[in-house]
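In terms of UniProt numbering, the first sequence opens at residue 1 and continues consecutively.
Notes follow the structure.
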Amino acid sequence: MLCYPEQFTIADDETPLEELKTPEIFSCNNPFNNSWLLNQPEKQIKSTETSDLFVTNDFTDEVLQVVDKDDFTPSMSFSPADSSSDGLPSPSTLPSEPPSLETTLAHAIEPKKLAEWMVEDYVSHKRRRPYLQEFLRLLLDKPHYLDHASYININKGIFKLHKPQEIATLWQNVKGRYTVRNMTYDKMARALRLYYKSGIMTPVNGRYTFQFGPQSGFNTSWIPKLNAHKSLTYSTNHPISNAK
DNA sequence: CCAACCTTTCCTGCTT
DNA sequence: AAAGCAGGAAAGGTTG
Numbered sequence: 001m002l003c004y005p006e007q008f009t010i011a012d013d014e015t016p017l018e019e020l021k022t023p024e025i026f027s028c029n030n031p032f033n034n035s036w037l038l039n040q041p042e043k044q045i046k047s048t049e050t051s052d053l054f055v056t057n058d059f060t061d062e063v064l065q066v067v068d069k070d071d072f073t074p075s076m077s078f079s080p081a082d083s084s085s086d087g088l089p090s091p092s093t094l095p096s097e098p099p100s101l102e103t104t105l106a107h108a109i110e111p112k113k114l115a116e117w118m119v120e121d122y123v124s125h126k127r128r129r130p131y132l133q134e135f136l137r138l139l140l141d142k143p144h145y146l147d148h149a150s151y152i153n154i155n156k157g158i159f160k161l162h163k164p165q166e167i168a169t170l171w172q173n174v175k176g177r178y179t180v181r182n183m184t185y186d187k188m189a190r191a192l193r194l195y196y197k198s199g200i201m202t203p204v205n206g207r208y209t210f211q212f213g214p215q216s217g218f219n220t221s222w223i224p225k226l227n228a229h230k231s232l233t234y235s236t237n238h239p240i241s242n243a244k
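Next up, the structure:
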């Protein structure tokens with residue numbers, strides 16, 4: 001069965017098409033690591049919420065403005081030959097061996113792309129890369145990633161990964177942790193299953209389907225941003241039998 | 001250096 | 001048969 005029969009229409013989403021690309025690959029041991037971002041002045045942090053974990057979507061735009069003022073020149077460009085439409089290597093072309101340094105650098109993410117994934121730790125008030133659960137929250141909050149993952153029951157926090165391998169690769173890049181092997185959906189899913197015991201995730205039937213658990217803060221300390229997106233319409237051509 | 005935390009990696013067995 | 005799911009076990013990377 002196809003993974004993503006769902007179709008979405010976002011009536012007033014003015015995001016231009018060129019912005020709808022998945023951030024490129026980067027590595028923590030390359031020149032484009034987050035040291036640049038972490039060295040930005042503290043005034044860029046806007047803490048306006050008191051939830052246990054404040055995902056800092058709100059300061060992203062401000063950070064990006066500063067990036068632009070610093071005359072940052074993107075080093076990457078895309079062409080149709082770059083395999084998938086989102087700029088990431090397709091699962092079938094992912095190497096089984098660790099990428100060479102040249103490969104890693106060639107796919108380095110831009111700091112301005114990394115900015116949209118940074119979160120502010122509520123304890124230390126420092127910006128850091130997200131945990132896996134936070135990464136998924138951010139991913140699901142971004143309308144331009146609806147083709148990667150989306151809620152299938154937004155009130156219960158049930159979501160489905162439509163492009164699991166692409167998300168796993170993106171997760172590896174956002175996490176920025178040096179690992180010898182590439183991240184796979186299988187390994188990312190194992191990490192998600194570890195959340196079951198702590199209640200951050202709740203087991204739910206369905207292929208590539210997960211549910212935020214009570215300890216994730218879903219619908220208590222935070223709600224999906226798309227829940228407030230009144231112009232979002234959702235339809236499906238096929239029944240999602242596993243949705244509760 | 002150490003310990004805690006959060007994965008990452010590998011694996012076996014089961015299910016779809 | 002292949003792929004995904006569940007979860008044990010151990011190891012790794014980061015951070016304070």
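We put the beta carbon where it would ideally sit given N, CA and C, even for glycine.
To the nearest angstrom, report how far apart residue i and residue j are at their CA atoms.
i           : j    : result
K126        : R207 : 36 Å
L170        : L139 : 10 Å
I152        : R181 : 31 Å
D71         : P203 : Interpretation of D71 is limited by its pLDDT of 26, a score under 50 that renders its predicted location unreliable; the figure taken from the coordinates is listed afterwards. Rounded to whole angstroms, D71 to P203 spans 46 Å at the Cα level.
residue 280 : W222 : The structure shown does not extend to residue 280, since the chain is modelled only from 1 through 244, so no value can be given for it.
A189        : P143 : 23 Å
K163        : V123 : 33 Å
N39         : K113 : Legend: pLDDT at N39 = 38, less than 50; position of this residue unreliable, value from coordinates given subsequently. N39 and K113: Cα-Cα distance of roughly 16 Å.
M201        : N173 : 22 Å
A191        : R177 : 14 Å
N205        : D121 : 32 Å
S198        : D147 : 29 Å
F135        : D141 : 10 Å
Q215        : R128 : 21 Å
P145        : K175 : In the sequence on display, residue 145 carries Tyr and not Pro. C-alpha separation (whole angstroms): 17 Å.
R137        : L226 : 11 Å
E166        : R193 : 19 Å
T220        : K187 : 29 Å
Go ahead and pull the three-state DSSP assignment for residue i.
i    : result
Y192 : As written in the sequence, residue 192 is Leu, which differs from the Tyr given in the question. Three-state DSSP puts L192 in a helix.
S198 : helix
W117 : coil
Y151 : strand
I167 : helix
K225 : helix
L161 : strand
R128 : strand
K230 : Residue placement at K230 is poorly supported in this model, since its pLDDT is 42, which falls under 50; the coordinates still yield a value, given next. Of the three classes helix, strand and coil, the one that applies to K230 here is coil, per DSSP.
Under 8 Å between the Cβ atoms of residue i and residue j?
i    : j    : result
V119 : P130 : yes
T179 : A168 : no
Y195 : Q133 : yes
With residue i and residue j assumed to form a contact (beta carbons below 8 Å), what rounded beta-carbon distance in angstroms separates them?
i           : j    : result
K156        : A149 : Wrong, their Cβ atoms sit about 15 Å apart, outside the cutoff.
F210        : F218 : That belief does not hold up - the Cβ atoms of F210 and F218 are roughly 11 Å apart, past 8 Å.
residue 274 : P224 : A query on residue 274 cannot be resolved here, the shown segment of the chain reaching from 1 to 244 and no further.
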